[in-house]
Amino acid sequence: MSGTIRQAMTPAITRLREHFDEIRPVLDAQERTAEGIEMLRTRLVKVRRIVNRLEEKANQWQDYIRG
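Quick note on our numbering: the sequence shown kicks off at 783 and runs consecutively.
Here it is as structure tokens:
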């Protein structure tokens with residue numbers, strides 16, 4: 783069961799890294815554009831969802847480990 787929970791986290795972690803890779807150039811840019819800011823807002827919503835999902839899975843894993 784523990785392995786199943788951890789395996790379920792892997793795709794979310796991968797997506798989180800992909801979002802960070804997309805966000806990084808916009809954050810590093812010298813100028814902020816309306817398009818860039820909108821993309822950051824959109825990605826922020828997605829990142830929050832992923833983090834919430836990962837927290838749920840981490841809590842589920844901890845509960846399983848504790849017995």
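Ideal placement from N, C-alpha and C gives every residue a C-beta, glycine not left out.
Would you please state the rounded distance, in angstroms, between the beta carbons of residue i and residue j? I believe it to be under 8 Å.
i, j, result
"A794", "L826", "Wrong, their Cβ atoms sit about 16 Å apart, outside the cutoff."
"V833", "L822", "Their Cβ separation, rounded to whole angstroms, is 16 Å, which puts V833 and L822 out of contact at 8 Å."
"W843", "R788", "6 Å"
"K839", "M783", "K839 to M783, Cβ: 12 Å. No contact."
Under three-state DSSP, which class holds residue i?
i, result
"A840", "helix"
"E817", "helix"
"G849", "coil"
Kindly indicate the opening and closing residues of the alpha helix (DSSP H) around residue i.
i, result
"A794", "S784 to D810"
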